[in-house]
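Encoded as structure tokens, the structure appears first; notes follow it.
Numbering (full-length UniProt numbering), first residue to last: 1 to 447.
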């Protein structure tokens, strides 16, 4: 079964050149945060370019359950009438976050320092994912959490009635954990401090400043020290959501491995905490030009021109992992179509995503005729060169949208078709994937 209904098999067949304009949806990370910060502001926040995938729609429903008025006005155009920091009401029903680890962890953070109780659940995939990495630091504020064995959903969170500020050093590089602690710190008196040894995506910090919070980031020998002064009155904003670099990676990587391709991808976020995949692709020899660099909604963006390329395997620096953690599945597909060996280290975080993504990609690539090595923290792909992947397999997606899209992209360049057992999870983050890719010339069939 899929994340939101019956499983839907899909098959990708070797395609001719991919050409044209690929307008990918809004950034998922920023979309989640725009809804949440809008709900914690006083007044009306207006959002354009919001990603309308199921993950984000589940977050919109959660903000309504906490008392905010969330309205859709047209494609990508939304408004949120917020209730202020500490103004959430106790929800009447269980909060279902579907497939979204980002959604549930950020929402736990934003209610953790308000005196209320909320129960969270999700789909079969999300119920397997560990929540202790968030609930442990939230407990320092005085929050309590009661979940299944191993700190898994369903989980009831009891917000701290008398929260205290905390100082917390992240044990792993995680923007979700960092953001949850900062969100909790909003309703705690005094200063909450988060220390991250390795930089992670900084959308929360950028958005907090935009909404009027008092926040500083100091770069020290121990890493980034982020200091937030609690109990501000957040001001409503107009938020323009840039296009998602993680979603853009799929048509970009498809164009790089399908012979003769030449596509244009406008307005893609180039935030330095998110662009590791593009740095890596260029190092592999990708023909990508970054045109018209500019700022949109407080985020750096650029238009991408992408052409088919003869790629070579490389060793990806492990310190780059936080800036491209969601892109390793599609990178492994590119690596399979490169010459030589691509080594990806420092990627153990992939083990606890929507699925064990290292295992899912390794097993699927092996079924398609690619030699793969792995250990707990490493994935190594032995490339077969342009068009050299035999294909011919049906790959398990494990209710994971990025696994599904990665293997479908692989099938666009493989010698024989590649199928996925369930493409329906793609709707959680990229509901336009099938139509967009077919519009470029990809051959995708259902069933």
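From the three backbone atoms N, C-alpha and C, an ideal C-beta is built for every residue, glycine too.
Is residue 6 helix, strand or coil when you go by DSSP? Taking the first residue of the chain shown as 1, we reach residue 6 at position 6. In the three-state scheme derived from DSSP, where H, G and I count as helix and E and B as strand, residue 6 is classed as coil.
Please go through the region 187-215 and give each complete beta strand (DSSP E) segment of 3 or more residues, from N-terminal end onward. 191-196
Does the Cβ of residue 2 have 16 or more other Cβ atoms within 10 Å, making it buried, or fewer, making it exposed? Numbered from its first residue, the chain shown carries residue 2 at position 2. Confidence at residue 2 is low in this model, with a pLDDT of 44, below 50, so the placement of that residue should be treated as unreliable; the coordinate-derived value is given next. Looking at its Cβ environment, which holds 16 or more other Cβ atoms inside 10 Å, residue 2 is buried.
Residue 342 burial status per 10 Å Cβ neighbour count (16 or more: buried): Position 342 of the chain shown holds residue 342. Around the beta carbon of residue 342, 16 or more other beta carbons lie within 10 angstroms, which makes this residue buried.
Going by DSSP, what residue range makes up the alpha helix (DSSP H) through residue 332? Looking up residue 332 in the chain shown gives position 332. Where residue 332 is concerned, the enclosing alpha helix (DSSP H) stretches over 328-336.
Among 153, 226, 403 and 360, nearest to residue 374 - alpha-carbon criterion: What you label residue 374 is simply residue 374 of the chain shown in a count that begins at 1. The candidate whose alpha carbon is nearest that of residue 374 is 360.
If we ignore side chains and look at the alpha-carbon of each, how far apart do residue 119 and residue 127 end up? Locating residue 119 in the chain shown gives position 119, counting from the first residue. Locating residue 127 in the chain shown gives position 127, counting from the first residue. About 13 Å.
Residue 415 (DSSP reduced to helix, strand or coil): Numbered from its first residue, the chain shown carries residue 415 at position 415. In this structure, residue 415 counts as coil in the three-state DSSP scheme.
At what residues does the beta strand (DSSP E) containing residue 104 begin and finish? Residue numbering aside, residue 104 sits at position 104 when the chain shown is read from its first letter. Looking at the DSSP string, residue 104 is not in any beta strand (DSSP E); the run it does join, the alpha helix (DSSP H), is 101-111.
If we ignore side chains and look at the alpha-carbon of each, how far apart do residue 346 and residue 43 end up? Translated into the one-based positions of the chain shown, residue 346 becomes position 346. Translated into the one-based positions of the chain shown, residue 43 becomes position 43. Distance between the alpha carbons of residue 346 and residue 43 is about 43 Å.
Does residue 282 pass the burial test, meaning 16 or more other C-beta atoms within 10 Å, or should it be called exposed? In the chain shown, the residue the question calls residue 282 occupies position 282. Classification of residue 282: exposed, given that the 10 Å Cβ count is below 16.
Check residue 266 in the structure and name its three-state DSSP category. Your numbering for residue 266 matches position 266 in the chain shown. Strand, per DSSP.
Residue 367: which of 416, 139 and 227 sits nearest, CA to CA? Position 367 of the chain shown, counting from 1, holds the residue named residue 367. The residue among 416, 139 and 227 with its C-alpha nearest the C-alpha of residue 367 is 416.
Does the region 196-204 come close enough to the region 166-182 to have 3 or more Cβ pairs within less than 8 Å? yes
Taking contact to mean at least 3 C-beta pairs separated by less than 8 Å, is the region 232-243 in contact with the region 15-33? yes
Looking at the unbroken beta strand (DSSP E) that takes in residue 398, where does it start and where does it end? Taking the first residue of the chain shown as position 1, residue 398 is located at position 398. Here residue 398 belongs to no beta strand (DSSP E), and DSSP marks it neither H nor E.
Determine, using beta-carbon pairs with one atom in the region 213-228 and one in the region 269-288, whether at least three such pairs fall under 8 Å. The region 213-228, when compared against the region 269-288, does not touch it at the 8 Å Cβ threshold.
Hey, quick one: how far does the beta strand (DSSP E) through residue 373 stretch, first residue to last? Start at 1 with the first residue of the chain shown, and residue 373 comes out as number 373. Residues 371-375.
Would you mind sorting residue 429 into buried or exposed? The rule is 16 or more other CB atoms within 10 Å of its CB. One-based indexing of the chain shown puts residue 429 at position 429. By the 10 Å Cβ count, residue 429 comes out buried.
With a cut-off of 8 Å on the beta carbons, I'd call residue 419 and residue 108 a contact; round off their distance for me. Taking the chain shown and counting its residues from 1, one reaches residue 419 at position 419. Taking the chain shown and counting its residues from 1, one reaches residue 108 at position 108. Not a contact, Cβ separation roughly 37 Å.
Is it true that the region 98-116 meets the region 67-77, where meeting means three or more beta-carbon pairs spaced less than 8 Å apart? no
Measure the C-alpha to C-alpha separation of residue 268 and residue 162 and round it to an integer number of angstroms. Here the question's residue 268 lines up with position 268 in the chain shown. Here the question's residue 162 lines up with position 162 in the chain shown. Looking at the two C-alpha atoms, the distance is approximately 42 Å.
Proximity below 8 Å, CB of residue 442 to CB of residue 50: Residue mapping note: residue 442 aligns to position 442 of the chain shown, counting from 1. Residue mapping note: residue 50 aligns to position 50 of the chain shown, counting from 1. No; because the gap between Cβ atoms is not below 8 Å, this pair is not in contact.
Just to confirm before moving on: does the CB-CB distance between residue 53 and residue 423 stay below 8 Å? Locating residue 53 in the chain shown gives position 53, where the first residue counts as 1. Locating residue 423 in the chain shown gives position 423, where the first residue counts as 1. Going by C-beta atoms, residue 53 is not nearer than 8 Å to residue 423.
Residue 280 to residue 338, Cα distance in whole Å? As a working note, residue 280 is residue 280 in the chain shown. As a working note, residue 338 is residue 338 in the chain shown. Between residue 280 and residue 338, the C-alpha separation is close to 13 Å.
What is the DSSP secondary structure of residue 82, counted as helix, strand or coil? Translated into the one-based positions of the chain shown, residue 82 becomes position 82. Residue state, collapsed to three classes: strand.
Who are the near neighbours of residue 156 in its chain, counting only those whose CB is closer than 6 Å to its CB and skipping five residues on each side? If you number the chain shown from 1, residue 156 lands on position 156. Only 119 and 146 meet the Cβ criterion.
Using a Cβ-Cβ distance under 8 Å, would residue 440 count as near chain B? Looking for chain B here will not work: only one protein chain is present.
Limits of the unbroken alpha helix (DSSP H) element including residue 359: Reading the chain shown from its first residue, position 359 is the one you call residue 359. First-last of the alpha helix (DSSP H) with residue 359: 357-367.
With C-beta atoms as the reference, is residue 247 less than 8 Å away from residue 333? As a working note, residue 247 is residue 247 in the chain shown. As a working note, residue 333 is residue 333 in the chain shown. Taking 8 Å as the cut-off, the beta carbon of residue 247 is found no closer than this to the beta carbon of residue 333.
For residue 94, collect the residues of the same chain with a Cβ closer than 6 Å to its Cβ; drop the 5 residues on either side in sequence, then sort them by chain order. Within the chain shown, residue 94 is the residue found at index 94, counting from 1. Result list for residue 94: 119 and 121, in chain order.
Scan the region 231-275 and note each continuous alpha helix (DSSP H) run of 4 residues or more that stays entirely inside, going in chain order. Inside the region 231-275, DSSP marks whole alpha helix (DSSP H) runs of 4 or more residues at positions 245-257, from first to last along the chain.
Residue nearest to residue 293 in terms of C-alpha spacing, selected from 285, 192, 304 and 322: To locate residue 293, count along the chain shown from 1; it is residue 293. The candidate whose alpha carbon is nearest that of residue 293 is 304.
Using C-beta distances below 6 Å, list every residue in its chain close to residue 261, excluding the 5 sequence neighbours before and after it, in chain order. In the chain shown, counting from the first residue as 1, residue 261 sits at position 261. Cβ neighbours of residue 261 beyond the five flanking positions: 17, 18, 255 and 308.
Do residue 277 and residue 209 have their C-beta atoms within less than 8 Å of each other? By 1-based counting over the chain shown, the position of residue 277 is 277. By 1-based counting over the chain shown, the position of residue 209 is 209. In this structure, residue 209 does not lie closer than 8 Å to residue 277 by Cβ.
Note the first and the last residue of the continuous alpha helix (DSSP H) segment covering residue 36. Taking the chain shown and counting its residues from 1, one reaches residue 36 at position 36. Where residue 36 is concerned, the enclosing alpha helix (DSSP H) stretches over 28-40.
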